[in-house]
Amino acid sequence: MTHEPILSLDNVSIRYMTGDFKEIGIKEFFLRKITGKYKVTEFWADRHVTFTINRGDMLGIIGTNGAGKSTLLKAVSGIMRPTEGTVWCNGKIAALLELGSGFDGDLTVGENTYLRGAMLGYTRRFMDEKYREILAFAELEEYEERAFKHLSSGMKSRLAFSIASLVNPDILILDEVLSVGDGAFRKKSEAKMKSIINGGATTILVSHSIPQVRSMCSKILWLDHGKQITFGDDVNGICDAYEEFLKTKVLPTNL
Amino acid sequence: MFTKFKENSFLFSELVKRDFKKKYKRTYLGMLWSVLSPLLTLLVMRLVFTKFFGNEIEHYTIYLFCGNIVFSFFSDCTNGGMGSLMGNAHIFSKINVPKYLFLFSRTVSSLINFGLTFIVFLIFCVIDGVPFSFSFFALIIPIICLVIFNVGVGLILSALFMFFRDVQYLWSVFSMLLMYMSAIFYDPARFGALERLFLINPVYVYIKYFRIAVLEGYLPSIQFHLLAIGYAVVFFAIGALIYKKFNHKFIYYI
Numbered sequence: 001m002t003h004e005p006i007l008s009l010d011n012v013s014i015r016y017m018t019g020d021f022k023e024i025g026i027k028e029f030f031l032r033k034i035t036g037k038y039k040v041t042e043f044w045a046d047r048h049v050t051f052t053i054n055r056g057d058m059l060g061i062i063g064t065n066g067a068g069k070s071t072l073l074k075a076v077s078g079i080m081r082p083t084e085g086t087v088w089c090n091g092k093i094a095a096l097l098e099l100g101s102g103f104d105g106d107l108t109v110g111e112n113t114y115l116r117g118a119m120l121g122y123t124r125r126f127m128d129e130k131y132r133e134i135l136a137f138a139e140l141e142e143y144e145e146r147a148f149k150h151l152s153s154g155m156k157s158r159l160a161f162s163i164a165s166l167v168n169p170d171i172l173i174l175d176e177v178l179s180v181g182d183g184a185f186r187k188k189s190e191a192k193m194k195s196i197i198n199g200g201a202t203t204i205l206v207s208h209s210i211p212q213v214r215s216m217c218s219k220i221l222w223l224d225h226g227k228q229i230t231f232g233d234d235v236n237g238i239c240d241a242y243e244e245f246l247k248t249k250v251l252p253t254n255l
Numbered sequence: 001m002f003t004k005f006k007e008n009s010f011l012f013s014e015l016v017k018r019d020f021k022k023k024y025k026r027t028y029l030g031m032l033w034s035v036l037s038p039l040l041t042l043l044v045m046r047l048v049f050t051k052f053f054g055n056e057i058e059h060y061t062i063y064l065f066c067g068n069i070v071f072s073f074f075s076d077c078t079n080g081g082m083g084s085l086m087g088n089a090h091i092f093s094k095i096n097v098p099k100y101l102f103l104f105s106r107t108v109s110s111l112i113n114f115g116l117t118f119i120v121f122l123i124f125c126v127i128d129g130v131p132f133s134f135s136f137f138a139l140i141i142p143i144i145c146l147v148i149f150n151v152g153v154g155l156i157l158s159a160l161f162m163f164f165r166d167v168q169y170l171w172s173v174f175s176m177l178l179m180y181m182s183a184i185f186y187d188p189a190r191f192g193a194l195e196r197l198f199l200i201n202p203v204y205v206y207i208k209y210f211r212i213a214v215l216e217g218y219l220p221s222i223q224f225h226l227l228a229i230g231y232a233v234v235f236f237a238i239g240a241l242i243y244k245k246f247n248h249k250f251i252y253y254i
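From first to last, the protein sequence lines stand for chains B and C. Taking the numbering used here, the leading residue of the first sequence gets 1, the next gets one more, and so forth. Taking the numbering used here, the leading residue of the second sequence gets 1, the next gets one more, and so forth.
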């Protein structure tokens, strides 16, 4: 396994906006501006995050809810642009963020498969080749012509997982997606994940399951309220500190 | 830019297919509708306005059709384009895809509609006995300009729509105003020297190009060409600038 860097975040900060700017009309906007009631709260979802991972690494990102994990992944996958700092990446990224979203309910399963494949950056030839395999893996061969909205939610995520996992990405981002479908399919999907990881892909895993992180990851990034608490390859040490933090709610000072 | 587009050409064609399928789903007449609806508008206008303006304008049906075909392409494109980003927000907030593709694919499905209507337009020209001339081939110029212009306006509107949802109501009022100012069913020559003011309206410029090339059978002047191309370039540039400046902010407004 080579150790060339594949992904590097340098001092990445993302400022998130919330407030009542959404869904207000032009009139309301100016009215609130004039009366001084226009309120937009900005906060740093991620602040000064810096780390580098090498080819073949498995990075685990841990932290409580609202720590900025998902926002950071959006910056890594290019959906969001960091407010400050830079994301440098040397390879193709496949992000499995909220698997089931982004499909079109009116189109058939087959049409959605092609559309999703196109969005993930595959070529038509690649999709023609893999189409049967995707449907077979999702166990949806009989549903090919069925409108997507008529599938059960389990079937939907099975299809989503099958399409996304067929890629051979340089970097695979998993945002708590290791639990897809029913028991039998979950086993199958976990095996598939493992084979992708063993194939040498660099993986970023967001998980609340510390045992899973301990057993799979080679590096750990710990975020809390957007701040980088620590980053390193002392997986067990950091996980111990994190579990201690979950009990005491006191951030460690010695890391 | 070109390699980037090539990379995305598969996604682009899938999006066009999706837009097209969704548009004609559940309508028995399917694509026929896209031709029929401008024809019906044409019929209504013909019935209503012939009494007022029909006598003073030669080939009044084709005169109307020129205005109608250009304006309905513009209106279909911009109204559809306005919602194209918002309507696909659930996709680009989860997957990293170039957002402008949604607008482009929406424009292409409008363009296909326009193409079908254009064929009917040519048939009508034959039926109405409009003499064929080589200036017909020049129509490709205003059509290309119109596509670029529409994309530009679509980029502006779709960005505005992300920030202010009531833009759609303002736009529907504004496009009605624009429709009346586009001299679709009357001849602006009746306003004398004021006729030049109509050229402020880009849509009218394209309509007028159609009328000159089809009904008069010659090519407009070089200045007129520059105006037609200029509008397309300027609006596209403004749209592209706005898109470039704001496209990373859209995600906060979903």
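Virtual Cβ for every residue (Gly too), placed ideally from N, Cα, C.
Proximity to residue i [Cα-Cα], best of the options
i	options	result
His-208 (chain B)	B:Gly-183, B:Asn-198 and B:Asp-175	B:Asp-175
Ser-189 (chain B)	B:Asp-170, B:Met-216 and B:Leu-159	B:Leu-159
Val-126 (chain C)	C:Lys-23, C:Ile-62 and C:Lys-25	C:Ile-62
Arg-196 (chain C)	C:Phe-210, C:Met-181 and C:Phe-185	C:Met-181
Arg-146 (chain B)	B:Phe-185, B:Asp-104, B:Phe-126 and B:Leu-172	B:Asp-104
Leu-215 (chain C)	C:Ala-228, C:Lys-244, C:Gly-67 and C:Val-153	C:Gly-67
Pro-188 (chain C)	C:Ile-222, C:Phe-174, C:Gly-239 and C:Arg-211	C:Arg-211
Val-76 (chain B)	B:Gly-66, B:Asn-65 and B:Lys-92	B:Lys-92
Ser-298 (chain C)	C:Phe-161, C:Asn-201, C:Gly-129 and C:Lys-4	Given a span of 1 to 254 for chain C in the structure shown, any question on residue 298 (chain C) remains unanswerable.
Ala-95 (chain B)	B:Val-87, B:Thr-86 and B:Leu-172	B:Leu-172
Asn-96 (chain C)	B:Gly-85, B:Thr-108 and B:Arg-116	B:Arg-116
Lys-94 (chain C)	B:Thr-108, B:Gly-78, B:Thr-83 and B:Asp-106	B:Gly-78
Ala-184 (chain B)	B:His-150, B:Glu-139, B:His-225 and B:Asp-240	B:Glu-139
Arg-165 (chain C)	C:Ser-84, C:Met-45 and C:Gly-115	C:Ser-84
Leu-34 (chain C)	C:Phe-114, C:Gly-217, C:Ile-57 and C:Tyr-253	The question names Leu, but residue 34 (chain C) is Ser in the sequence shown. Taking only the C-alpha atoms, the option nearest Ser-34 (chain C) is C:Phe-114.
Lys-156 (chain B)	B:Asn-112, B:Ala-191, B:Phe-245 and B:Met-127	B:Asn-112
Lys-227 (chain B)	B:Ala-67, B:Thr-41, B:Tyr-16 and B:Lys-22	B:Ala-67
Gly-129 (chain C)	C:Ser-9, C:Gln-223 and C:His-59	C:His-59
Lys-99 (chain C)	C:Met-162, C:Ala-228 and C:Leu-177	C:Met-162
Phe-148 (chain B)	B:Glu-133, B:Asp-106 and B:Arg-132	B:Asp-106
Phe-43 (chain B)	B:Tyr-16, B:Phe-30, B:Gly-154 and B:Phe-29	B:Tyr-16
Interface residues of chain C facing residue i [CB-CB closer than 7 Å]
i	result
Asp-104 (chain B)	Arg-18
Met-17 (chain B)	Tyr-252
Where residue i meets chain C, residues with beta-carbon distance less than 8 Å
i	result
Leu-107 (chain B)	Arg-18, Lys-21 and Lys-22
Nonlocal neighbours in the same chain, by C-beta distance under 6 Å from residue i, ignoring five residues either side
i	result
Leu-219 (chain C)	Ser-135 and Ala-138
Gly-200 (chain B)	Gly-56
Pro-5 (chain B)	Thr-52 and Asn-54
Gly-239 (chain C)	Gly-152, Leu-155 and Ile-156
Phe-137 (chain B)	Ser-162
Thr-86 (chain B)	Asp-10
Lys-22 (chain C)	none
Ile-251 (chain C)	Ser-93
Expected contact under 8 Å - CB spacing of residue i and residue j to nearest Å
i	j	result
Val-120 (chain C)	Leu-226 (chain C)	So it is not a contact: roughly 31 Å between Cβ atoms.
Thr-203 (chain B)	Ile-197 (chain B)	5 Å
Phe-236 (chain C)	Val-151 (chain C)	6 Å
Leu-166 (chain B)	Lys-130 (chain B)	5 Å
Phe-185 (chain C)	Phe-49 (chain C)	4 Å
Ala-183 (chain C)	Tyr-204 (chain C)	6 Å
Phe-10 (chain C)	Ala-118 (chain B)	5 Å
Chain E contact residues for residue i, given Cβ-Cβ distances below 8 Å
i	result
Ile-79 (chain B)	Among the chains of the structure shown, chain E does not appear; the protein chains present are B and C.
Residue i: contacting residues in chain B (beta-carbon distance under 7 Å)
i	result
Phe-10 (chain C)	Ala-118, Thr-123 and Arg-124
Glu-14 (chain C)	Tyr-114, Leu-115 and Ala-118
Contact set for residue i: own chain, Cβ-Cβ below 8 Å, skip 5 residues either direction
i	result
Val-235 (chain B)	Gly-60, Val-213, Arg-214, Cys-217, Ser-218, Lys-219 and Ile-220
Leu-36 (chain C)	Leu-29
Met-1 (chain B)	Low confidence applies to Met-1 (chain B): its pLDDT is 48, below 50, so where it sits in the model is not reliable enough to give any reading.
Cys-89 (chain B)	Ile-6, Leu-7, Ser-8, Val-76 and Ile-171
Contacting residues, own chain, Cβ-Cβ under 7 Å from residue i (five flanking each side not counted)
i	result
Ala-159 (chain C)	Ile-242, Tyr-243 and Phe-246
Lys-69 (chain B)	Ile-61, Gly-63, Val-206 and Leu-223
Leu-157 (chain C)	Thr-78, Gly-81, Met-82, Val-167 and Trp-171
Leu-47 (chain C)	none
Asp-278 (chain C)	The question about residue 278 (chain C) has no answer here: the residues shown for chain C are numbered 1 through 254.
Under 8 Å by beta carbon: chain B residues contacting residue i
i	result
Lys-99 (chain C)	Within 8 Å Cβ-Cβ: nothing; Lys-99 (chain C) doesn't reach chain B, min ~10 Å.
Lys-25 (chain C)	Asp-106
His-248 (chain C)	Met-80 and Arg-81
heavy atom of the ligand SAH below 7 Å from residue i C-beta
i	result
Phe-246 (chain C)	Among the ligands in the structure shown, none appear at all, so the ligand SAH cannot be discussed.
Closer than 9 Å at the beta carbon, the chain C residues around residue i
i	result
Phe-29 (chain B)	Phe-163 and Phe-164
Cβ contact (3+ pairs, closer than 8 Å) linking the segment 228-244 of chain B and the segment 120-140 of chain B: no
Sufficient close CB pairs (3 or more, under 8 Å) joining the segment 13-33 of chain C to the segment 95-113 of chain C: yes
Meets three-Cβ-pair contact criterion under 8 Å: the segment 11-22 of chain B and the segment 38-53 of chain B: yes
Three or more C-beta pairs below 8 Å linking the segment 79-88 of chain C and the segment 45-60 of chain C: no
Contact the segment 228-240 of chain C vs the segment 144-151 of chain C: 3+ CB pairs below 8 Å: yes
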